[in-house]
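Numbering (this note's numbering), first residue to last: 1203 to 1281. Cβ coordinates follow ideal geometry from the N, Cα and C atoms, glycine included. None of these values were measured; they are calculated from a predicted model. First the structure, in the form of structure tokens, and then the observations on it.
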Amino acid sequence: MAEQLTYRDAARRVRRSVRTIKRWRRGGMPMTFDTEGRRVVELGALLAWWRARMTADPVHQQRLRRQLAEPGCQPQNDG
1203 MAEQLTYRDA
1213 ARRVRRSVRT
1223 IKRWRRGGMP
1233 MTFDTEGRRV
1243 VELGALLAWW
1253 RARMTADPVH
1263 QQRLRRQLAE
1273 PGCQPQNDG
């Protein structure tokens, strides 16, 4: 079984707020309930959702382009 994260754990993993994770759930990110009745998301689903948001974010894309344009700089891995 894949690792399952609560709202708080998921927010820490992708460096976002709990409120953002809840907004993503309302937007369609797949979540289930664990045996204790808490909402959880599988790590793979969370990271796929996060990557899709980063790919669509123009600010993030501009930051990557700026890093690549600087001489001798390597883009950072945000995951």
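Here VAL1243 is buried. Its C-beta has 16 or more other C-beta atoms within 10 Å.
ALA1204 and PHE1235 have their C-alpha atoms spaced approximately 14 Å apart. The secondary-structure analysis by DSSP pairs GLN1269 with nothing; it has no beta-bridge partner. Under the three-state reduction of DSSP output, ARG1241 falls in the strand class.
The beta carbons of THR1208 and ARG1240 sit closer together than 8 Å.
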